[in-house]
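Undergrad: The sequence shown runs 30 to 331 under our numbering.
No residue lacks a Cβ here, since even glycine has one placed at the ideal position from N, Cα and C.
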Amino acid sequence: MQAAYQQNQPRELQCQECGALLRLAEAQRTATCFYCRSPNVVESASDPSRVRPRFALAFVLPPEVALERARAWQRGLGWFRGKEIRRAPLGDLHAVYTPAFLYSAVARSGYRVEIGETYTTGSGDNKRTHTEWRPLGGEHATFVRDIVVSASRGIPNLELERIEPYDLRAMHRYTAALISGWPAEEPSQTPTAVWQEARAEAMQHVDFYLRRFMPGDTHRHLQFNTQLSYESLDLMLLPLWVLPVRVAPGVPPVRLLINGQTGRIYGPAPLAWGRVVLVIALGLGVLVGLFLLLIAVGMLLS
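If you want it as structure tokens, here you go:
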């Protein structure tokens, strides 16, 4: 009975290339990592002390629509990307629930700034606009919420940001039934790295809020010092379609990420450097030709 029970448990695989920690459903088997397509994956022991998800978003985008988004992405690539990537065959589409942390905090800031009030003098050709500056200092408090930070080594936060936003209004409390039958990844990013990313994004939000809060017509030299309190970090699972585009034999495929809720897509399409160099060379040739033409015209006129 014990052996049968263990056989039916979800399996965990650790990718030795990108570090992703994949959790497979009972009947699923895989020989490659969903994210980087590396075959170098090994079975990993499940850690019962690992943080469990608190929220999850369901898949909304069906696979056929995800494939069409990928084909549209290919068709929309410019001439500088080269025909290889635009005509490359699409690989197998994979669905995965990728882990992310949802961060929120109360931000209290003390700030100093110069506020500008504009006024106009004169009229007609003598009309002038002036700005009168005055110093201002004060305090500001706001609630920073809905900051999503990748908890996966396989999906860097910068790439996750390219397919955001997710509609968090559709978020559900996590249950095993919600993702039943779907592969998912356990959080593989270190807590220290996640906290750093979350707080850095929180400071960007505070900067934005403060600039909107400033009175007057304009402002300059904004300085602020912010203290974050009542911080929370909740693990959630985000629906993601992953699709490799195989450009050439022996070359790592370009990985497309498709938001499983909104269909927003991202892929780092490589430049065709031969075409870039050709255009630069043609441009330089035209400039040199114009320069020589101007010299010749100058000699004729003299």
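1. Would you kindly work out how many angstroms separate the C-alpha atoms of proline 281 and alanine 205, rounded to a whole number?
2. So, is methionine 265 buried or exposed, given that buried needs 16 or more other C-beta atoms within 10 angstroms?
3. Quick one: using the 10 Å Cβ neighbour count with 16 as the cut-off for buried, is serine 261 buried or exposed?
4. Is DSSP giving valine 177 helix, strand or coil here?
5. Could you check what DSSP says for isoleucine 184 in three-state terms: helix, strand or coil?
6. According to the neighbour-count rule (16 or more other Cβ atoms, all chains shown, within 10 Å of its Cβ), is glycine 166 buried or exposed?
7. Under the assumption that glutamate 214 contacts threonine 291 (Cβ atoms under 8 angstroms), give the Cβ distance between them as a whole number of angstroms.
8. So histidine 248 packs on valine 173, CB below 8 angstroms; how close in whole Å?
9. What are the uninterrupted segments assigned as beta strand (DSSP E) that are 3 or more residues long and contained completely in the stretch 262–298, given in chain order?
10. Buried or exposed: which applies to glutamine 218, given that a residue is buried once 16 or more other Cβ atoms fall within 10 Å of its Cβ?
11. Which of helix, strand or coil does DSSP assign to glutamate 46?
12. Are the beta-carbon atoms belonging to threonine 171 and tyrosine 259 less than 8 angstroms from one another?
13. Can you tell me which of Arg202, Leu207, Arg182 and Val178 puts its alpha carbon nearest to the alpha carbon of glutamate 193?
14. Return helix, strand or coil for glutamine 252, following the three-state DSSP convention.
15. Quick check on arginine 81: buried or exposed, where buried means 16 or more other Cβ atoms within 10 Å of its Cβ?
16. Where does glycine 151 fall in DSSP's three states?
17. Which two residues bound the contiguous alpha helix (DSSP H) that contains alanine 101?
18. Do tryptophan 102 and glycine 289 have their C-beta atoms closer together than 8 angstroms?
19. Quick one: measure Cβ to Cβ for leucine 86 and leucine 267, integer angstroms, because I've assumed they're closer than 8 angstroms.
20. Looking at C-alpha atoms only, which residue of Arg198, Phe84, Glu230 and Arg79 is the closest neighbour of alanine 134?
21. So what's valine 223 in DSSP terms, helix, strand or just coil?
22. With DSSP collapsed to three states, give me the class of tyrosine 238.
23. Identify the residues that DSSP records as bridge partners of serine 138: which are they?
24. Span of the beta strand (DSSP E) holding glutamate 193?
25. By the three-class DSSP mapping on this structure, what secondary structure does glycine 245 have?
TA: The short version:
1. Those two C-alpha atoms are separated by around 34 angstroms.
2. Buried, because 16 or more other Cβ atoms sit within 10 Å of the Cβ of methionine 265.
3. exposed
4. strand
5. coil
6. exposed
7. Actually they do not touch by this definition, with Cβ atoms about 20 angstroms apart.
8. Contact flag wrong, Cβ pair sits at about 21 angstroms.
9. 283–288
10. buried
11. coil
12. no
13. Val178
14. Correct three-state label for glutamine 252: strand.
15. exposed
16. coil
17. 92–104
18. no
19. 6 angstroms
20. Glu230
21. helix
22. helix
23. His169 and Thr255
24. DSSP places glutamate 193 outside any beta strand (DSSP E), giving it a letter other than H or E.
25. coil
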